[in-house]
Amino acid sequence: MKIPLSYSFKNLWTRKVTTIMTLGGVGLVVFVFCAVLMLAAGLERTLVATGSDDNAIILLKSAESETLSQIPLDVTDILASQPEVAVGSDGKPILSREVMTMINLQKKGTTSSDLANINVRGVSPAGVALRPQIKITEGRMFNFGTSELIVSQKIISGFEGARLGGALKFGGRNWNIVGLFDGGNSAFSSEIWADNSQIMQAFNRQEAFSDIIFRLKNTEGLNSLKSKIEADPRLNNFKVLHEKDFYAAESEELAAFIRILGMVITIIFSFGAMIGAMITMYAAVANRTVEIGTLRALGFRRRSVLGAFLFESLFLALIGGGIALCAAFFLTFLSVSTTNFTTWSEISFNFALSPGIVMATLIFSIIMGFVGGFLPSFRASRLDIITALRSS
Amino acid sequence: MKNLKLILRNIFRHKLRAMLTILGIAIAVMSFGLLKTIIGAWYANSENAAPDRLATRHAISFVFSLPIADRDQIKQIPGVKDVTHQTWFGGIYKDKQQFFPHIAVDPKNVFEIFPEFVISPDEKKAFIADRSGCVIGARIAKDYNLKVGDIMPLDGDIYPGKWEFTVRGIYHGKKPTTDETQMWFQWDYLTERLMQTSPRRANKVGWYMIQINNPDDAARISEKVDALFENSDAETKTETEKAFAAGFISMSSAIITGLQIVSYVIIGIIFLVLCNTMLMAARERTREYAVLKTLGFTSKKLAVIIFGESIAIGLIGGFLGILLTYPVVSGFAVGMARFFPFVVVDPWTVILAGSFALLVGIVSGIFPVLRSTRMTIVDGLRTIG
C-alpha cells in the first residue's frame, strides 16, 4: 500500500523554517541556471529575428560581420542585376546597398571613458521595406541626400547624447536626429540608420559598400546564385547567404560563451544546494524515526517509505524550481546591453523564456531533489522496525 | 578549554550532518573563489599594463586599421622614445576551439617595447631573419607541443588564405601573470601578401604602441598624437595601455556585473545551508540547553558554545573550500583557455572568501543563541525534540 501524498506535504509544512531555507537554497541555484539559459536564448532570438527568410545578404567571404566586409561599387552593380533579385512594383530591384560603420557613444550611468561602439547603417531607399521589423514611432524617416538620421529608441534610452531633434557629431559633420524607430527584438534596435551615400562621403569610403541585402525572387534562387558567384572569378571573393543564417551566426560566439561559463558555474554550485536538500532530508528522517517504525509496523512496505520520502524531497525541489521560474519570468522585462565579440559592436537583447528552458529548469530542479533525497530516503526505508520504535 | 571540548563534541554529534554542512560550505566558498578569480582574469590584462606605454587606435574602434605612415609622424613627437605596431590577424589554428591571439608585429623593436616578453637573443635574431617566422608563448608551445623549427599553419579569416609560419622562438613571461599565449609574426610578411591579393588593405596596422620617456607626459603626448591625425581619414584615439585594456573590459561590463551578482548569491546559499543546520541543532537540543542552564551555565556561556559551533563549522568549511579552489581553478583554466588565457587565484579572493565563511558562521549562530537565551528553563525542559 502507498503512503498518502498528504503525509509528505504535511511533513514539509510542520518544519516551516527548515523547508523555507531549503527552498531558498534550491531556488537560488535554479534561478541562476534559468537566467543563464534565458540570456543565451535571448541573444540568439534577437539575432535570428534580425534576418528574414525572404532576404539574402552578400558580403566579403572573409567577413564575419558587416563592418568588416567590403564590396567594390562595380561588383555591387554586377550583383544587383542578377535575375534572382526580386523586383518591386515600381520595376526596381528590391535591394539595399549598405554601409556599416560604427561610432562611439557613452552608456548612461558610466564615466566618459566607457564608450560603446554603436553600429551606424547606411541604407538605400529599399532598405526599410526589406526590414518589416522597423517601425518609425516618433518623428519621420530621414530624407535621402541629407545629413539626417533615425535612431533606435533603445539607443535613446540607453546612451548619452542622443535625443529626437538633437544632433550627433561624427564623420566631420553634424547629423540631425529626425526620427525614432522601434526595431522590435532584433539587432536593428541597437543601430542608427542614415542614407548610405551620405555615410560613405562622411567616412571617406566611396569606393566600396559593406554588403548587399535583397529580397529573393524565390527561395531556390539562393542556390543558383551561390553557384554562379562561386564560378565567376570576379565574384568568388564574396559569399551569399540567407539573411537569417548570417545574423544567427553572429550570435554563436557570445551565446556559447554565456552558456559554457554559466553552466560550469551553476553545475558546481548545484552541489551546494543538493547538499542542503540532503541535510534537510536526513534531519527529517532522523526526527521521524519512531514515526517510520510505526508506519512500518502498520504494514507499509519499505518501498512505500522510500517512495514517500523521495516524493517529499522531489516535491521540495520542484517548488523551489517553480518559485525560481516565477522569479525568472520577471527577468523577461529586463534588457541587457553588451558588446558582441563577433561584431565588436553593442547589442541589446532581452532575457527570453522558452518552453524548452522551462523544461530544462524543472528537470534540473527534479534532479537536485532526487540526488539530495535518495540517500536519506534509502536510509529511512532500511530502518529496522524494532529499533526504530524503541528510539526516542 | 571546557567550552572548546563541548563545541567540538557538539559539532560531531551528528557526524553525517556535520560533514554535509562542511562540504556544502566548502563547495559554496569554492564557487565564490572561482567566480572572483574569473572576474579577476578579466582585469588581468589591464593590471599588467606598463605606465610608460600608450596605445593609439582608430578613434571609433580597433576593428578599423591605421595607415603605417602614421608611425613616423608619431616618432617625431618629443618625449616619445619608440613606436611599434601590432595587427590582429585572427585566423584559425587547427580548429575554432583552439583560440589564442595571432598578432602581426614589427620584430625589430617589439621586444624592446614589451620587455615582459622575454626571448633569447639568438631566437630573436632568427625571428627577425625569417620573413615567415613566428614567436610563440611558452604556454602555447607546451599545450600544442611545438618546438623551434616546427611549422605552424593558420587558416586566415580576416586575412583569407592559407598561411604557414615557422616557429623561430619561444618567449617566457617575466611575471606569472604575463600572457604566454600569444603568437607573433612579421607584419612585413602580412603586408607583402596583401599587396598581391588586396592592395587596399596593405600597409595598414591595427594599433600603435608608443613607449614614452616619462609616464607623467602620458596625457600631453596622447593629445599631441590625436591632434596629428584629426580630420584625417583615420582619426586616432590614444590612451594609456591600462585604459586601452580597460576599454575591452567595459565592453563586457554587463557580463561582469552578472557574475558579480551571482558570486553574492553564492554567499546567500552558504548562509542558508549553515543556518539550516544550526537551527536544526538548536531545535533538537532545546531540552539540553535547559538542562545546562539548570546546572548553572549562564546564558552568556551558552551563547559562546553555540556561536563557537557555528563559527567553527563555517571556518572549517571555508578552509576546505579555499583548498578546493586551487585545483578547480586550474581545471577551469584548462577548460576555458579559449576565453581566458591566464587565471590565477588572487590572495584577496582567499581572504574575502574566508571572511565571508566567518561572517556566515556568526550570523547563523544568532537565531539559535537568541532562542536559547530567551527560553525559560521550565519551557525548555517541557519541549519534546
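Protein sequence lines, in the order shown, are assigned to chains A and B. Under the numbering used here, residues 34 to 425 are what the first sequence spells out, in order. Under the numbering used here, residues 16 to 400 are what the second sequence spells out, in order. In this text, a Cβ means the ideal position worked out from N, Cα and C, and glycines have one as well. Here the structure is a predicted model, which is why all the values come from computation and not from measurement.
Per DSSP, the bridge partner or partners of residue i
i	result
A:S185	A:F214
B:M210	B:M210 is not bridged to any residue.
B:H29	Bridge partners of B:H29: none, in fact.
B:Q226	B:R68, B:D97
B:M198	B:H117, B:I151
B:F180	B:M167
B:S44	For the record, residue 44 of chain B in the displayed sequence is Val; it is not Ser. Answer is none; B:V44 lacks a bridge partner.
B:V133	B:H187
A:A241	A:P105
B:E238	Partner(s): none; B:E238 has no beta bridge.
Where residue i falls: helix, strand or coil (DSSP)
i	result
A:L197	coil
A:T394	helix
B:M390	coil
A:L367	coil
B:R24	helix
A:Q234	helix
B:Y186	strand
A:F384	coil
A:E171	strand
A:A96	coil
B:A3	Given a span of 16 to 400 for chain B in the structure shown, any question on residue 3 of chain B remains unanswerable.
B:L169	strand
A:W226	strand
A:F203	strand
B:W363	helix
A:V63	helix
A:T420	helix
B:T193	coil
A:S346	helix
A:F374	coil
B:F382	helix
B:N63	coil
A:I90	strand
A:F333	coil
B:F355	coil
Selection from the options that minimises the alpha carbon distance to residue i
i	options	result
B:K257	B:V288, B:M224, B:P168, B:R235	B:M224
A:L249	A:V273, A:F236, A:L138, A:R238	A:V273
B:G176	A:V211, A:I225, A:P158, A:A96	A:A96
B:S61	B:G262, B:V365, B:L396	B:G262
B:N25	B:P136, B:F322, B:M390	B:F322
B:P168	B:D110, B:L209, B:D194	B:D110
B:P66	B:W103, B:D394, B:I227	B:I227
B:A59	B:A249, B:T391, B:T193, B:D231	B:T193
B:L396	B:V343, B:D203, B:K308, B:V365	B:K308
A:V69	A:F411, A:A393, A:L422	A:A393
A:S368	B:L385, B:I270, B:L243	B:I270
B:K51	B:L310, B:Q201, B:A368, B:C290	B:A368
A:D123	A:Q103, A:P158, A:E117, A:M133	A:P158
B:A372	B:K17, B:L31, B:A43	B:A43
B:Q88	B:K239, B:G283, B:V358	B:K239
Contact test: residue i Cβ vs the ligand FAD heavy atom, cutoff 6 Å
i	result
B:F77	Among the components of this structure there are no ligands whatsoever, and the ligand FAD is therefore not found.
Beta-carbon neighbours of residue i, restricted to chain B and to distances below 7 Å
i	result
A:K43	Per Cβ cutoff of 7 Å: no residues; A:K43 is ~18 Å from chain B at best.
A:A306	I284
A:V65	V277, V280
Proximal chain A residues relative to residue i, where beta-carbon distance stays under 8 Å
i	result
B:N246	G205
B:N218	Near B:N218 there are no residues of chain A at all, since even the closest Cβ is about 16 Å away, more than 8 Å.
B:F347	V297
Amino acids of chain A, ordered along the chain, whose beta-carbon sits closer than 7 Å to that of residue i
i	result
B:L294	V50, T51
B:T36	I312
B:G380	What B:G380 touches in chain A: nothing, since even the nearest Cβ is about 15 Å away.
B:N291	T51, M54, T55, G309, I312, T313
Chain A contact residues for residue i, given Cβ-Cβ distances below 9 Å
i	result
B:A269	V369, S370, T371, T372
Under 9 Å from the C-beta of residue i: neighbouring residues of chain B
i	result
A:W377	S76, F77, V78, M266
A:M135	I75, S76, V78, F79
A:N150	I75, S76, V78, M266
Proximal chain B residues relative to residue i, where beta-carbon distance stays under 8 Å
i	result
A:I301	I42, M45, S46, L49, V343
Worksheet item: Can you list, in chain order, the stretches of the beta strand (DSSP E) that have 3 or more residues and sit fully within the region 66-131 of chain B?
Response: Runs found: 68-73, 95-103, 117-120.
Worksheet entry | Sequence ranges, beta strand (DSSP E) only - wholly within the region 245-306 of chain A, length at least 3 | The qualifying runs are 271-275.
Practice prompt. Return the chain-ordered ranges of every beta strand (DSSP E) run that is complete within the region 242-325 of chain B and spans a minimum of 3 residues.
Written response: Counting whole runs of 3 or more residues, the region 242-325 of chain B contains the beta strand (DSSP E) stretches 251-255.
Worksheet entry | Whole alpha helix (DSSP H) elements within the region 136-166 of chain B, 4-residue minimum | Fully enclosed alpha helix (DSSP H) runs of 4 or longer: 136-144, 153-158.
Worksheet item: What alpha helix (DSSP H) runs, 4 residues minimum, are completely inside the region 103-185 of chain A?
Response: Qualifying alpha helix (DSSP H) stretches, in chain order: 106-113, 159-162.
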